[in-house]
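Engineer: Those protein sequences? They're chains A and B, same order as listed.
Taken in order, the first sequence gives residues 1 to 209; the numbers are from my numbering.
Taken in order, the second sequence gives residues 210 to 323; the numbers are from my numbering.
The structure follows.
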Amino acid sequence: MSVLTTAQITLKPGADADAVEQALRQQLASAAGLAAWHCGRNLEGCWGAGHFTVDMIWRRPGPQRELDLTCAPGVASADVVGYDTIDSGLREPDLGDGIWRTLLLTTRAGTAPAEVAAFEQELLGMPGYMRGIRNWRLGRVTSPGSRWTHVWQQEYRTVDDLVGEYLQHPYHWGWVDRRFDPEFPLVWVVDTQLCHAFCPLQNSIIARA
Amino acid sequence: MSEVHILDEIVLQPGDIAAVLQLLETQYLPGLPSRHTLALSRRWISPPVQLEEQPNTLWLLWEVTDVMGYYTMRGTAGPEVAAFWAAVDTLCLQRRRHVMADAGQALPKPLEAP
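This is the structure in structure tokens:
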């Protein structure tokens, strides 16, 4: 068993992204207790996201499950989120040179637990319609005080699988999206503030946890 | 014809129909040009008669240019949109929204292999 955390790293204006990435990678490589990690620079088209997506898989039990990712020069903030896996799936555990997508979301305060559970199952139903989702994981946020409640992650071979099949499939726009849309009465459950981040993926992260 | 339509089903007392239409005209429709991909196609009332102790249903049919236009429509909804629906919800008895595609198309099915 592992402890999972993901982070959105935001740079200070004018910061040298290459230097920050190098510093982050050095910090992650030398961190005690980390079983695996991934650092990717977010690509154009993200919204509500930082400049880097960092994922950490901690050994359980381990001496350390937190890392201050703001200590690298040029880092303005690090939104670090710990989470427990609700469910996950692997179609291509040896996926390499792909795309790593992270959606951080918040279910609306007061939403009935049954409605949240239904929403979770609808998200988890997406791979059953979309072959381009090669690997996936839905997590429930455990970090006290985090503004997020869920982490929805997918691994793709290409960006086109994300902005193509994933976004354009009727299961997305014609079904799941109503959960994100304030114009829908009764079934709207997700706050409109989202973090949609995607970055290059060296090797499957989901297969490592 | 667009491949994406939205149908709002708004159950009202007959005496509130005019107020909702007025809200539609003054609060929602003026914002459509800046949403780029959404247009009001038709509006109906059913039954087309005022009955004793029975509400009517206002149907608003919206046309979205295409699938990616759906996300444009979603992303360009300003606070006036939420204000409109909040006002409607104070007047209506029940409301549902449906996203629809052409009935003649083959429905995407669950994948056979995982």
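Ideal Cβ placement from N, Cα and C applies to all residues, glycine included.
#1: Using a Cβ-Cβ cutoff of 8 Å, what residues of the stretch 268-280 of chain B are near chain A? List them in chain order.
#2: Any heavy atom of the ligand GTP within a distance shorter than 7 Å of the CB on residue 163(A)?
#3: Reducing DSSP to helix, strand and coil, say where residue 45(A) ends up.
#4: I want to verify the contact list: residues of chain B whose CB lies under 7 Å from the CB of residue 140(A), in sequence order.
#5: Against chain B, with Cβ distances strictly below 8 Å, would residue 171(A) count as a contact?
#6: When you compare only the Cα positions, how much space is there between residue 299(B) and residue 232(B)?
#7: Assuming residue 126(A) and residue 176(A) make a contact with CB atoms under 8 Å, what is their CB distance in whole Å?
#8: Quick check on residue 155(A) - is its C-beta less than 8 Å from some C-beta in chain B?
#9: Quick one: what's got a C-beta closer than 7 Å to residue 55(A)'s C-beta in the same chain, skipping five residues either side?
#10: Please confirm if residue 202(A) has its CB atom under 8 Å from at least one CB of chain B.
#11: Going by C-alpha to C-alpha distance, which of 58(A), 197(A) and 49(A) sits closest to residue 10(A)?
#12: For residue 220(B) versus residue 276(B), is the C-beta spacing smaller than 8 Å?
#13: Would you kindly report the start and end of the unbroken beta strand (DSSP E) that includes residue 307(B)?
#14: Output the distance between the C-alpha atoms of residue 251(B) and residue 270(B), rounded to the nearest integer angstrom.
#15: Looking at the unbroken beta strand (DSSP E) that takes in residue 76(A), where does it start and where does it end?
#16: Let me know the secondary structure DSSP gives residue 97(A) once reduced to three states.
#17: Under the rule that 16 or more other beta-carbon atoms within 10 Å means buried, what is residue 312(B), buried or exposed?
#18: With which residues is residue 53(A) paired in a DSSP beta bridge?
#19: Roughly how many whole angstroms lie between the Cα atoms of residue 167(A) and residue 281(B)?
#20: Closer than 6 Å by C-beta to residue 240(B): which residues in its own chain qualify, once you throw out the five before and the five after it? Chain order, please.
#21: Kindly list the residues whose CB is nearer than 6 Å to the CB of residue 116(A), restricted to its own chain and excluding five residues on each side of it in sequence; keep chain order.
#22: Starting from residue 248(A), find everything on chain B with Cβ-Cβ shorter than 8 Å and list it in chain order.
#23: Could you check whether the Cβ of residue 131(A) sits closer than 8 Å to any Cβ belonging to chain B?
#24: So, with DSSP's three-state summary, where would you put residue 198(A)?
#25: Please state whether DSSP places residue 102(A) in a helix, a strand or coil.
#26: Residue range of the alpha helix (DSSP H) that residue 278(B) falls in?
#27: Decide if residue 196(B) is buried, meaning its Cβ has at least 16 other Cβ atoms within 10 Å, or exposed.
Structural biologist: On the basis of the coordinates in this document:
#1: 276, 277, 279 and 280
#2: The ligand content of the structure shown is nil, which means the ligand GTP is not present either.
#3: DSSP places residue 45(A) in the coil class of the three-state scheme, outside both helix and strand.
#4: What residue 140(A) touches in chain B: nothing, since even the nearest Cβ is about 23 Å away.
#5: So yes, residue 171(A) belongs to the interface.
#6: The alpha-carbon atoms of residue 299(B) and residue 232(B) are separated by roughly 12 Å.
#7: 7 Å
#8: No - not a single Cβ of chain B is within 8 Å of the one on residue 155(A).
#9: 6, 37, 38 and 205
#10: no
#11: 49(A)
#12: No, the pair does not count as a contact, with Cβ atoms beyond the cut-off.
#13: Residue 307(B) -> beta strand (DSSP E) spans 303-309.
#14: 5 Å
#15: 75-90
#16: strand
#17: Burial call: exposed.
#18: Per DSSP, the beta bridge partners of residue 53(A) are 8(A) and 40(A).
#19: 12 Å
#20: Exclusion of the five residues before and after residue 240(B) leaves 289 as the residues of its chain whose Cβ lies within less than 6 Å of its Cβ.
#21: 107
#22: The requested residue 248(A) is not part of the displayed model; chain A covers only 1 to 209.
#23: yes
#24: Three-state result, residue 198(A): strand.
#25: strand
#26: 276-284
#27: The shown model of chain B, from 210 to 323, leaves out residue 196(B), and the question about it has no answer.
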